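> Just dropping this structure here.
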Amino acid sequence: MSNNTTTDPAVRLEHVTKKIGRKTIIDDLSFEINRGEVFGFLGPNGAGKTTTIRMIVGLMRMTKGNIYIQGHSIRGAFKEAIRQVGAIVENPEMYKFLTGYQNLVHYARMVSGVDKERIDEVVKRVHLENSIHDKVKKYSLGMRQRLGVAQALLHRPAVLILDEPTNGLDPQGIHDLRHYLHQLSREEHVAVVVSSHLLSEMQLMCDRIGILQKGKLVGVETVNTFVNEGGQTVRLTVDDCAFAAKVIKDKLSLEAVLADDDTLEMTLEKEKIPVIIDTLVLSKVKIYAVVAVKKSLEQRFLEVTGGKSVE
Amino acid sequence: MLNKFAGLLQNENMKIYRRGSFKVMIAILIGLVLLVGMILRFNTPQPSTTATTHWKQQLQAQINQDKKQLPSLKADKQVYETFKKNIAINQYRIKHNLKPSSSETLWQFVMAVAGNMITIIGVFTVIVVATSIASEFDSGTIKLLLIRPIYRTEILLSKYVSALLFTVLSLIVLFVASWIVGGICFGFDSASEAHLVYSNGVVHQTSWTLAVWQTYLLDCVSLVMTVTAAGLIAAVFRNGGLAIGLSIFMMMAGPIAVQLLSRFDWVKYILFANTDLTQYTNGVPLRSEMTLGFSIAVLAVYYSVFVLVGWVFFTRRDIKA
Numbered sequence: 070m071s072n073n074t075t076t077d078p079a080v081r082l083e084h085v086t087k088k089i090g091r092k093t094i095i096d097d098l099s100f101e102i103n104r105g106e107v108f109g110f111l112g113p114n115g116a117g118k119t120t121t122i123r124m125i126v127g128l129m130r131m132t133k134g135n136i137y138i139q140g141h142s143i144r145g146a147f148k149e150a151i152r153q154v155g156a157i158v159e160n161p162e163m164y165k166f167l168t169g170y171q172n173l174v175h176y177a178r179m180v181s182g183v184d185k186e187r188i189d190e191v192v193k194r195v196h197l198e199n200s201i202h203d204k205v206k207k208y209s210l211g212m213r214q215r216l217g218v219a220q221a222l223l224h225r226p227a228v229l230i231l232d233e234p235t236n237g238l239d240p241q242g243i244h245d246l247r248h249y250l251h252q253l254s255r256e257e258h259v260a261v262v263v264s265s266h267l268l269s270e271m272q273l274m275c276d277r278i279g280i281l282q283k284g285k286l287v288g289v290e291t292v293n294t295f296v297n298e299g300g301q302t303v304r305l306t307v308d309d310c311a312f313a314a315k316v317i318k319d320k321l322s323l324e325a326v327l328a329d330d331d332t333l334e335m336t337l338e339k340e341k342i343p344v345i346i347d348t349l350v351l352s353k354v355k356i357y358a359v360v361a362v363k364k365s366l367e368q369r370f371l372e373v374t375g376g377k378s379v380e
Numbered sequence: 005m006l007n008k009f010a011g012l013l014q015n016e017n018m019k020i021y022r023r024g025s026f027k028v029m030i031a032i033l034i035g036l037v038l039l040v041g042m043i044l045r046f047n048t049p050q051p052s053t054t055a056t057t058h059w060k061q062q063l064q065a066q067i068n069q070d071k072k073q074l075p076s077l078k079a080d081k082q083v084y085e086t087f088k089k090n091i092a093i094n095q096y097r098i099k100h101n102l103k104p105s106s107s108e109t110l111w112q113f114v115m116a117v118a119g120n121m122i123t124i125i126g127v128f129t130v131i132v133v134a135t136s137i138a139s140e141f142d143s144g145t146i147k148l149l150l151i152r153p154i155y156r157t158e159i160l161l162s163k164y165v166s167a168l169l170f171t172v173l174s175l176i177v178l179f180v181a182s183w184i185v186g187g188i189c190f191g192f193d194s195a196s197e198a199h200l201v202y203s204n205g206v207v208h209q210t211s212w213t214l215a216v217w218q219t220y221l222l223d224c225v226s227l228v229m230t231v232t233a234a235g236l237i238a239a240v241f242r243n244g245g246l247a248i249g250l251s252i253f254m255m256m257a258g259p260i261a262v263q264l265l266s267r268f269d270w271v272k273y274i275l276f277a278n279t280d281l282t283q284y285t286n287g288v289p290l291r292s293e294m295t296l297g298f299s300i301a302v303l304a305v306y307y308s309v310f311v312l313v314g315w316v317f318f319t320r321r322d323i324k325a
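In the order they appear, the protein sequences are chains D and A. Quick note: the first sequence uses my numbering, first residue 70, plus one each step. Quick note: the second sequence uses my numbering, first residue 5, plus one each step.
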């Protein structure tokens with residue numbers, strides 16, 4: 070890829086604060102995004118996801134702190150920093166009275182090193198060969214989204230930022246994009262930053278996620294840790310729920326709740342599961358099923374953000 | 005660096021000329037020239053042959069008549085100067101055998117349409133510059149435009165320069181169109197007509213092309229100020245309609261307001277009291293104490309303020325759209 074400064078993280082935020090008037094929109098954000106990973110921004114509306122993205126790409130100024138892209142400060146060395154970034158901020162708005170190709174030529178003229186071959190290559194990658202010479206006003210939302218991805222990739226950025234990238238894509242398109250983003254991050258070591266309101270999508274797409282709430286960073290974790298933190302939930306289908314619950318409480322001092330007529334549910338560390346099964350078997354409880362309930366990112370998200378609505 | 009700026013200009017030009025409104029503007033420009041040409045053509049009496057054969061005697065009679073009147077006109081300096089000028093030019097014509105045209109000529113037509121057509125070009129350029137800046141905010145494309153390794157100052161400059169290039173292109177279209185229409189309506193044989201200039205009591209011949217472009221240039225002072233104001237409003241309020249409406253209103257109402265207020269001495273500091281520089285070449289200044297140098301200084305101050313405020317707002321403000 071274009072840059073090989075391996076020592077610097079792709080994106081580093083240092084105590085980034087944004088105040089508008091007296092209101093603090095973003096409060097002391099510090100974290101890093103590495104090359105080769107897909108990083109997701111998660112947070113309810115108004116949490117500051119878009120503001121953070123806008124500050125990373127220099128569309129908004131920060132009140133305090135600094136953001137470095139491949140070691141270059143977006144405040145102090147704007148051109149060097151932004152050269153490493155390709156982005157779609159919110160919707161992929163293009164010039165509708167121009168063709169898709171003219172739009173790409175427009176952006177190609179603004180950076181060095183993008184020739185005709187590169188444009189054709191990118192067009193092929195986003196599968197727009199057949200409509201690239203049509204005016205953008207004729208494009209569907211999904212086509213515009215793909216053209217947006219194309220303009221972001223033209224100059225081979227080290228950091229690719231996509232705000233709500235699955236918007237308007239059909240399931241096949243989402244699948245292709247996911248595959249493509251993984252490929253970019255794994256094979257070309259691009260740091261991919263996405264934000265999405267489709268949490269299930271984030272779960273499939275991201276390696277790590279950062280959760281924003283009211284302008285503060287609630288946590289940065291890998292998707293797996295994030296989902297499984299706070300314990301594993303298991304469901305036990307048994308012959309006598311009341312008796313089983315009593316056994317669990319008396320012998321292991323654990324709390325099990327009734328999830329169904331014949332099902333108990335409890336949340337506990339993974340290691341405790343075999344202990345419970347042993348105990349129940351010894352107490353002659355008949356176990357018909359043990360199901361580990363995989364918590365979705367969404368549930369976990371609601372837990373972390375205190376049950377606020379997701380979008 | 006320069007290479008990249010050329011690319012930015014190419015981008016802005018593409019965005020101006022690929023819009024449907026560009027073709028409409030050029031069509032209106034050519035259509036109006038044609039319309040005015042037709043109206044003048046069919047309302048001008050055809051020259052009678054007798055008048056053309058005895059033109060030297062007629063001119064001499066005119067000179068004698070003017071000379072007789074001259075002493076009685078000394079009170080009004082302006083009228084007096086006009087008469088002196090007419091006498092000198094007519095004498096020059098007889099001496100150099102330059103027949104005055106008895107009807108409208110190609111070049112007179114080119115000159116006659118210049119003022120009003122440049123006002124229309126001004127309106128078009130205001131639309132171009134306001135659209136160029138504000139539509140990026142309206143459509144949201146500003147976000148993709150400003151995340152390139154290019155300073156906002158360079159983007160704004162490319163938009164401003166490309167709008168002024170549009171003015172130059174429109175002036176060339178106007179010149180060519182009015183020359184052709186003038187030729188069709190009043191005959192191409194007058195294309196070689198001499199342009200006589202009277203200055204400091206002496207008459208000399210100059211080229212009509214030069215004279216026309218001088219007029220264009222003087223008329224563009226007001227245009228450039230209005231276009232710069234439109235760019236400023238678009239950059240500050242990010243609203244194309246407001247920028248177009250307000251700056252065109254100012255361009256139209258300003259000179260009238262200034263005339264109405266001309267008895268106050270502070271009126272000379274108002275922009276519109278100074279945009280018409282022809283008041284110093286062939287006319288009376290709005291106020292007797294005003295000079296060409298004063299007007300240029302006032303224009304320079306307004307221009308600097310417009311550019312500075314527009315630049316600060318465009319480069320400093322957060323993009324939230």
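Where is the CB? At the ideal position from N, CA and C, for every residue including glycine. Values in this document were obtained by computation on a predicted structure and should not be read as measured data.
From this set, Leu321/D, Thr332/D and Met335/D, which residue's C-alpha is nearest Val344/D's C-alpha?
In the first sequence, the residue the question calls residue 344/D occupies position 275. Here the closest residue by C-alpha is Leu321/D.
> Which residues in the same chain have their Cβ closer than 8 Å to the Cβ of Ile151/D, if we skip the five residues on either side of it in sequence?
Residue numbering aside, residue 151/D sits at position 82 when the first sequence is read from its first letter. The answer, listed in chain order, is Val126, Gly127, Ile138 and Ile143.
> Determine the DSSP secondary structure at Ala361/D, reduced to helix, strand or coil.
Here residue 361/D corresponds to residue number 292 of the first sequence, with the count starting at 1. Strand, per DSSP.
> Would you please verify whether the beta carbon of Gln171/D is less than 8 Å from any beta carbon of chain A?
In the first sequence, residue 171/D corresponds to position 102, counting from 1. Taking Cβ atoms only, chain A reaches closer than 8 Å to Gln171/D, which makes this a yes.
> Which bits of chain A does Ala156/D rub up against, with CB to CB less than 9 Å?
One-based indexing of the first sequence puts residue 156/D at position 87. The contacting residues are Lys147, Leu148 and Ile151.
> The beta strand (DSSP E) with Tyr202/A in it runs from where to where?
Residue numbering aside, residue 202/A sits at position 198 when the second sequence is read from its first letter. From DSSP, the beta strand (DSSP E) with Tyr202/A extends over His199 to Ser203.
> Nearest chain A C-beta to Met70/D closer than 8 Å, yes or no?
Along the first sequence, one-based indexing puts residue 70/D at 1. Because the pLDDT at Met70/D is just 42, under 50, the model does not fix this residue reliably, and the value given afterwards should be weighed accordingly. No, because no Cβ of chain A sits closer than 8 Å to the Cβ of Met70/D.
> Can you tell me whether Gly109/D is helix, strand or coil according to DSSP?
Within the first sequence, numbered from 1, the residue matching residue 109/D stands at position 40. Here Gly109/D sits in strand by DSSP.
> Contact criterion: CB-CB distance below 8 Å. Does Phe110/D meet it with respect to chain A?
As a working note, residue 110/D is residue 41 in the first sequence. It does not: the Cβ of Phe110/D has no partner Cβ on chain A nearer than 8 Å.
> If you reduce the DSSP assignment to three classes, tell me which class Lys92/D lands in.
Here the question's residue 92/D lines up with position 23 in the first sequence. Residue state, collapsed to three classes: strand.
> What are the complete beta strand (DSSP E) segments, minimum 3 residues, inside the stretch 197–259 of chain D?
Complete beta strand (DSSP E) runs here, min 3: 228–232.
> So for Ala238/A, helix, strand or coil by DSSP?
Numbered from 1 along the second sequence, position 234 holds the residue referred to as residue 238/A. Ala238/A: helix per DSSP, three-state reduction.
> Pull up the distance between the alpha-carbon of Ser292/A and that of Ser266/A, whole angstroms please.
Locating residue 292/A in the second sequence gives position 288, counting from the first residue. Locating residue 266/A in the second sequence gives position 262, counting from the first residue. Near 10 Å, if we compare the C-alpha coordinates of Ser266/A and Ser292/A.
> Where DSSP assigns a beta bridge to His208/A, which residues make up the other side?
For this step, residue 208/A is matched to residue 204 along the second sequence. Per DSSP, Val201/A.
> Is Gln139/D helix, strand or coil by DSSP?
The residue labelled residue 139/D in the question sits at position 70 within the first sequence. Note: Gln139/D maps to coil in three-state DSSP.
> Is the separation between the beta-carbon of Val216/A and that of Ala118/A shorter than 8 Å?
As a first step, residue 216/A is located in the second sequence; it is residue number 212 there, counting from the start. As a first step, residue 118/A is located in the second sequence; it is residue number 114 there, counting from the start. It is a contact, given that the beta carbons lie within the stated cut-off.
> When you compare only the Cα positions, how much space is there between Glu290/D and Ile280/D?
To locate residue 290/D, count along the first sequence from 1; it is residue 221. To locate residue 280/D, count along the first sequence from 1; it is residue 211. Computed Cα separation, rounded: 9 Å.
> Is there a Cβ of chain A sitting closer than 8 Å to that of Phe100/D, yes or no?
Translated into the one-based positions of the first sequence, residue 100/D becomes position 31. Chain A, which has no Cβ nearer than 8 Å to the Cβ of Phe100/D, makes this no.
> Is there contact here, the stretch 229–236 of chain A with the stretch 250–269 of chain A, by at least three beta-carbon pairs under 8 Å?
The stretch 229–236 of chain A vs the stretch 250–269 of chain A: in contact.
> Give the single residue among Lys103/A, Pro75/A, Ile159/A and Thr129/A whose Cα lies nearest to the Cα of Leu227/A.
Counting from 1 along the second sequence, the entry for residue 227/A is found at position 223. When each option's Cα is compared against that of Leu227/A, the closest is Thr129/A.
> If you measure from the beta carbon of Glu233/D to each beta carbon in chain A, is any gap under 8 Å?
Indexing the first sequence from 1 puts residue 233/D at position 164. No, no contact with chain A.
> Hey, quick one: how far does the alpha helix (DSSP H) through Arg156/A stretch, first residue to last?
Residue 156/A sits at position 152 when you count from the first residue of the second sequence. Its alpha helix (DSSP H) spans residues Arg156 to Phe190.
> Leu349/D and Val316/D - do their beta-carbons sit closer together than 8 Å?
Locating residue 316/D in the first sequence gives position 247, counting from the first residue. Locating residue 349/D in the first sequence gives position 280, counting from the first residue. Yes, they are a contact pair.
> By Cβ distance, which residues of its chain are closer than 6 Å to Ala92/A, with the 5 residues on each side in sequence left out?
Your numbering for residue 92/A matches position 88 in the second sequence. Tyr202 and Val207.
> Does DSSP put Gln218/A in a helix, in a strand, or in coil?
As a first step, residue 218/A must be located in the second sequence, where it is residue number 214. Three-state result, Gln218/A: helix.
> When you compare each of Glu334/D, Gly140/D, Asp308/D and Val287/D to Ala116/D by their alpha carbons, which one comes out closest?
Position 47 of the first sequence holds residue 116/D. Ala116/D has its Cα closest to that of Val287/D, out of Glu334/D, Gly140/D, Asp308/D and Val287/D.
> Specify, as a first and last residue, the run of the alpha helix (DSSP H) that Met274/D falls within.
Your numbering for residue 274/D matches position 205 in the first sequence. Its alpha helix (DSSP H) spans residues Leu268 to Met274.
> Is the shortest distance between the beta-carbon of Leu312/A and the beta-carbons of chain D less than 8 Å?
If you number the second sequence from 1, residue 312/A lands on position 308. So no, Leu312/A is outside the interface.
> Are the stretch 220–233 of chain D and the stretch 256–272 of chain D touching, with three or more C-beta to C-beta distances below 8 Å?
Enough Cβ pairs lie closer than 8 Å, so yes.
> Considering Cα atoms alone, identify which of Asn236/D, Glu190/D, Tyr170/D and Tyr176/D is closest to Lys206/D.
Position 137 of the first sequence, counting from 1, holds the residue named residue 206/D. Out of Asn236/D, Glu190/D, Tyr170/D and Tyr176/D, Tyr170/D has the C-alpha closest to the C-alpha of Lys206/D.
> Please name the residue in Ser269/D, His244/D, Asn135/D and Ala177/D whose C-alpha comes closest to that of Val80/D.
For the purposes of this step, residue 80/D is taken as the residue at position 11 of the first sequence. The shortest Cα separation from Val80/D among Ser269/D, His244/D, Asn135/D and Ala177/D belongs to Asn135/D.
> To which residues of the same chain is Pro259/A closer than 6 Å at the C-beta, ignoring the five residues directly before and after it?
For this step, residue 259/A is matched to residue 255 along the second sequence. Correct list, in chain order: Phe276.
> Within the same chain, show all residues whose beta-carbon is closer than 6 Å to that of Lys377/D, passing over the 5 residues directly before and after it, in chain order.
As a first step, residue 377/D is located in the first sequence; it is residue number 308 there, counting from the start. Confidence at Lys377/D is low in this model, with a pLDDT of 49, below 50, so the placement of that residue should be treated as unreliable; the coordinate-derived value is given next. So the qualifying residues of the chain are Pro113.
> Would you say Arg130/D lies against chain A (beta-carbon separation less than 8 Å)?
Numbered from 1 along the first sequence, position 61 holds the residue referred to as residue 130/D. Output row for Arg130/D: interface = yes.
> Buried or exposed for His244/D, going by 16 or more other Cβ atoms inside 10 Å?
Reading the first sequence from its first residue, position 175 is the one you call residue 244/D. The residue is exposed, with fewer than 16 neighbouring Cβ atoms inside 10 Å.
> Could you check if Asn204/A is buried or exposed, using at least 16 other CB atoms within 10 Å of its CB as the buried criterion?
Locating residue 204/A in the second sequence gives position 200, counting from the first residue. Exposed: under 16 other Cβ atoms inside 10 Å.
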